[in-house]
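Participant:
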Amino acid sequence: METTHKNQHSNAAIDCPQAVELLPWLLNGTLESEEREELLGHLESCDGCRRELDEAAVAWQLLNRHVPSLAIAEYAHGLEPSDLSRERLEKHLALCPSCRQEIEFATPDQVVDLDAARIERSIAARRPDHLRRTIRGVAAGVAASITLALVSGAIILDWRENAGTAPNPTAEARPAERHDSKPALGATGVFDDGFESGAITTWSSVTLDDGGIANADS
Amino acid sequence: MNDEELISGLLSGEPETVELVRAWMRASFVPYRSRLASDLEDLEQEILLEVTSALREDRFERRSSLRTYVRTYVSHKCIDQLRARARREWLDVDALELPSSAPSPLDRMASTEMTDLALRILEETPEACRELWQMLREGMKYREMSERLGVAEGTLRVRVLRCRKAALELRETLQGKKTNG
Ligand SMILES: [Zn+2]
Ligand SMILES: [Zn+2]
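Protein chains in written order, with numbering that gives the first Met the number 0: chain C, 0 to 217; chain E, 0 to 180.
1) Can you pull the chain E residues whose beta carbon is under 7 Å from the beta carbon of Trp115 (chain C), in chain order?
2) Using only CA atoms, which one of E:Arg161, E:Val20, E:Leu10, E:Glu143 lies nearest to Asp57 (chain E)?
3) Which chain C residues are close to Glu15 (chain E), counting only those with a beta carbon under 7 Å from its beta carbon?
4) Give every residue whose Cβ lies closer than 6 Å to any heavy atom of ligand 1, listed in chain order.
5) Could you say if the segment 69–81 of chain E and the segment 89–109 of chain C meet the contact criterion of at least three C-beta pairs nearer than 8 Å?
6) Does the contact criterion of 3 or more C-beta pairs under 8 Å hold for the segment 135–149 of chain E versus the segment 81–94 of chain C?
7) Under 8 Å between the Cβ atoms of Leu97 (chain E) and Leu25 (chain C)?
8) I want to know whether the segment 68–80 of chain C touches the segment 40–55 of chain E - three or more CB-CB distances under 8 Å.
9) Candidates C:Gly28, C:Arg125, C:Ala93: which alpha carbon is nearest Leu135 (chain E)'s?
10) Report yes if the C-beta distance between Thr124 (chain E) and Arg64 (chain C) is below 8 Å; otherwise report no.
11) Within the same chain, show all residues whose beta-carbon is closer than 7 Å to that of Leu16 (chain E), passing over the 5 residues directly before and after it, in chain order.
12) Three-state secondary structure (DSSP) at Ile13 (chain C)?
13) So, with DSSP's three-state summary, where would you put Ser63 (chain E)?
14) I'd like to know whether the C-beta of Leu97 (chain E) is nearer than 8 Å to at least one C-beta of chain C.
15) If you measure between the beta carbons of Cys98 (chain C) and Val57 (chain C), is that distance less than 8 Å?
16) Consider the Cβ of Asp38 (chain E): report whether some Cβ of chain C lies at a distance smaller than 8 Å.
17) In whole angstroms, what is the alpha-carbon distance linking Val150 (chain E) and Val157 (chain E)?
18) Can you find a C-beta in chain C that's less than 8 Å from the C-beta of Ala166 (chain E)?
19) I want to verify the contact list: residues of chain C whose CB lies under 9 Å from the CB of Ala117 (chain E), in sequence order.
20) Got a sec: is the Cβ-Cβ distance from Arg99 (chain C) to anything in chain A below 8 Å?
21) One question on the structure: do Val69 (chain E) and Trp23 (chain E) come within less than 8 Å of each other, judged by their Cβ atoms?
22) Determine, using beta carbons only, whether Thr187 (chain C) comes closer than 8 Å to chain E.
23) Just the Cα atoms here: how many angstroms apart are Ile78 (chain E) and Ala85 (chain E)?
24) Could you round the C-beta distance between Glu51 (chain C) and Leu22 (chain C) to whole angstroms and report it? I think they count as a contact, below 8 Å.
25) What do you get for Ser68 (chain C), buried or exposed, if any count of 16 or more other CB atoms within 10 angstroms of its CB means buried?
26) List, from N- to C-terminal side, the beta strand (DSSP E) runs of 3 residues or more that fit wholly inside the segment 45–71 of chain C.
27) Under the rule that 16 or more other beta-carbon atoms within 10 Å means buried, what is Arg163 (chain E), buried or exposed?
28) Is Cys128 (chain E) near ligand 2, in the sense that its beta carbon is under 7 Å from a heavy atom of that ligand?
29) Taking Cβ to Cβ, would you say Arg32 (chain E) is nearer than 8 Å to Leu42 (chain E)?
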């Protein structure tokens with residue numbers, strides 16, 4: 000009863016060339032159950048085809064290899080990728096739609112984090128020392144920073160009313176707002192008229208390529 | 000707001016700093032929101048813990064601002080999560096419990112070395128073969144593949160086999176080149 004009779008299911012049992020050809024679909028898990036059982040039965044008893052299976056598994060492992068997820072994330076955020084050269088990564092991207100899509104999803108320009116900007120302002124407002132330094136730093140740094148930022152094209156002007164604008168998590172990135180387009184972004188420069196006073200227009204984030212204004216207060 | 004102040008705020012559990020880091024994280028989750036829906040809450044918690052312990056153990060290399068570090072970490076974890084889901088459907092050969100065979104030469108390779116080799120093989124593989132691999136990866140049956148490509152099933156299977164042999168030869172060539180200098 001335990002013995003497999005190979006002729007039991009179909010006119011011909013699976014032979015070695017057929018078995019070898021079917022291996023990729025055994026590996027991707029899409030064989031019909033009857034075919035799968037026949038193939039596994041064959042593999043049980045055939046050393047040659049088991050070696051082929053090992054080979055197919057190696058090929059599968061190699062050809063399913065992609066850019067490591069950390070390198071994808073780093074690249075998308077403008078950092079140098081770890082453990083992989085930028086050249087190899089970019090060559091792979093040119094060939095691989097799935098890694099390209101991962102990069103696209105991870106790229107931060109799609110996101111405007113108004114929530115974070117609001118909390119940063121509030122943290123800054125609760126630290127009087129920090130506040131004074133910020134004001135001094137911003138006052139001293141703003142002119143130079145604006146020039147720099149305009150030149151670098153990375154200025155972000157967030158013209159909003161300070162009060163009454165609820166953070167909108169679904170806000171779409173407007174073309175002019177490219178947050179985080181470069182890696183080493185510093186913190187947010189806050190230049191707020193009276194801080195929590197609910198006043199006028201706010202510079203909620205003046206972001207420079209090299210974190211310029213962020214360092215103005217340190 | 001300076002990163003070192005934020006780090007010490009986060010490590011001492013200052014609520015507003017924690018909230019700020021969470022806001023950065025949530026912003027980075029946006030593109031993944033629909034695909035990771037049910038996992039997001041756990042993932043947010045997990046990432047916050049991991050980032051906190053990385054900072055505590057001084058593993059933040061300061062190659063970027065804290066904000067970019069956190070956001071990069073979130074993207075990295077989301078990609079991992081989506082990849083792990085896709086992988087679950089593929090077969091693990093060891094799970095077949097067939098009579099044992101020699102360990103694969105890949106098992107002895109460091110992961111970064113293997114990634115580099117694998118990506119080079121893929122680069123040099125003909126486009127027709129890459130297309131076949133892509134379909135296999137997407138979980139297509141051989142019948143579906145032969146229909147899409149408009150070739151007989153037998154022809155398709157032989158093509159896939161040839162591509163596999165060619166890829167493994169390529170591997171030997173590339174590895175040989177490396178060993179010989
Ligand atoms: Zn056989
Ligand atoms: Zn890829």
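All C-beta atoms, glycine included, are put in the ideal place defined by N, C-alpha and C.
Facilitator: Quick look at the numbers:
1) Taking the first sequence and counting its residues from 1, one reaches residue 115 (chain C) at position 116. Strictly speaking, residue 115 (chain C) in this sequence is Ala, with Trp absent from that position. By Cβ distance, chain E contributes Leu19, Ala22, Trp23, Ala26.
2) One-based indexing of the second sequence puts residue 57 (chain E) at position 58. Comparing Cα-Cα distances from Asp57 (chain E) to each of E:Arg161, E:Val20, E:Leu10, E:Glu143, the minimum goes to E:Leu10.
3) Numbered from 1 along the second sequence, position 16 holds the residue referred to as residue 15 (chain E). By Cβ distance, chain C contributes Ile118, Ser121, Ile122.
4) Contact residues of ligand 1 (beta-carbon closer than 6 Å to any heavy atom; chain order) are C:Cys15, C:Ala18, C:His41, C:Cys45, C:Gly47, C:Cys48.
5) Because the criterion of three Cβ pairs below 8 Å is met, the segment 69–81 of chain E and the segment 89–109 of chain C touch.
6) no
7) Reading the second sequence from its first residue, position 98 is the one you call residue 97 (chain E). Reading the first sequence from its first residue, position 26 is the one you call residue 25 (chain C). Contact: no.
8) no
9) On the second sequence, position 136 is the one that residue 135 (chain E) refers to. Per the Cα distances, C:Gly28.
10) Residue mapping note: residue 124 (chain E) aligns to position 125 of the second sequence, counting from 1. Residue mapping note: residue 64 (chain C) aligns to position 65 of the first sequence, counting from 1. Their beta carbons are not under 8 Å apart, which means Thr124 (chain E) does not touch Arg64 (chain C) by this criterion.
11) Numbered from its first residue, the second sequence carries residue 16 (chain E) at position 17. Per the sequence shown, the amino acid found at residue 16 (chain E) is Thr instead of Leu. Once the five neighbours on either side are set aside, the close Cβ partners of Thr16 (chain E) are Leu5, Gly8, Leu9.
12) As a working mapping, residue 13 (chain C) is identified with position 14 in the first sequence. In the structure shown, Ile13 (chain C) sits in coil (DSSP, three-state: anything other than H, G, I, E or B).
13) Locating residue 63 (chain E) in the second sequence gives position 64, where the first residue counts as 1. When secondary structure is reduced to three states using DSSP, Ser63 (chain E) falls in the coil class, being assigned neither helix nor strand.
14) Residue numbering aside, residue 97 (chain E) sits at position 98 when the second sequence is read from its first letter. Cβ-Cβ to chain C under 8 Å: yes for Leu97 (chain E).
15) Within the first sequence, residue 98 (chain C) is the residue found at index 99, counting from 1. Within the first sequence, residue 57 (chain C) is the residue found at index 58, counting from 1. For Cys98 (chain C) and Val57 (chain C), no; Cβs fall outside 8 Å.
16) Along the second sequence, read from residue 1 onward, the residue named residue 38 (chain E) stands at position 39. Chain C contact via Cβ: absent.
17) For this step, residue 150 (chain E) is matched to residue 151 along the second sequence. For this step, residue 157 (chain E) is matched to residue 158 along the second sequence. Roughly 11 Å separates the two Cα atoms.
18) Along the second sequence, one-based indexing puts residue 166 (chain E) at 167. Flagged as an interface residue toward chain C: Ala166 (chain E), by a C-beta distance shorter than 8 Å.
19) Walking along the second sequence from the start, residue 117 (chain E) turns up at place 118. The answer, in chain order, is Gln60, Leu61, Leu62, Asn63, Arg64, His65.
20) Among the protein chains in the structure shown, which are C and E, there is no chain A.
21) As a position in the second sequence, residue 69 (chain E) is number 70, starting the count at 1. As a position in the second sequence, residue 23 (chain E) is number 24, starting the count at 1. Going by C-beta atoms, Val69 (chain E) is nearer than 8 Å to Trp23 (chain E).
22) Numbered from its first residue, the first sequence carries residue 187 (chain C) at position 188. For Thr187 (chain C), the predicted structure reports a pLDDT of 34, less than 50, and the residue's modelled location is therefore unreliable. A value from the coordinates is still provided. Closer than 8 Å to some Cβ of chain E, the Cβ of Thr187 (chain C) qualifies, so yes.
23) As a working note, residue 78 (chain E) is residue 79 in the second sequence. As a working note, residue 85 (chain E) is residue 86 in the second sequence. Approximately 11 Å, taken between the alpha carbons.
24) Working through the first sequence from its first residue, we reach residue 51 (chain C) at position 52. Working through the first sequence from its first residue, we reach residue 22 (chain C) at position 23. That belief holds up - the Cβ atoms of Glu51 (chain C) and Leu22 (chain C) are roughly 6 Å apart, short of 8 Å.
25) In the first sequence, residue 68 (chain C) corresponds to position 69, counting from 1. Per the 10 Å Cβ criterion, buried.
26) none
27) If you number the second sequence from 1, residue 163 (chain E) lands on position 164. With 16 or more Cβ atoms within 10 Å of its Cβ, Arg163 (chain E) is classed as buried.
28) Taking the first residue of the second sequence as position 1, residue 128 (chain E) is located at position 129. Flag unset: Cβ of Cys128 (chain E) not near ligand 2.
29) For the purposes of this step, residue 32 (chain E) is taken as residue 33 along the second sequence, with counting starting at 1. For the purposes of this step, residue 42 (chain E) is taken as residue 43 along the second sequence, with counting starting at 1. For Arg32 (chain E) and Leu42 (chain E), no; Cβs fall outside 8 Å.
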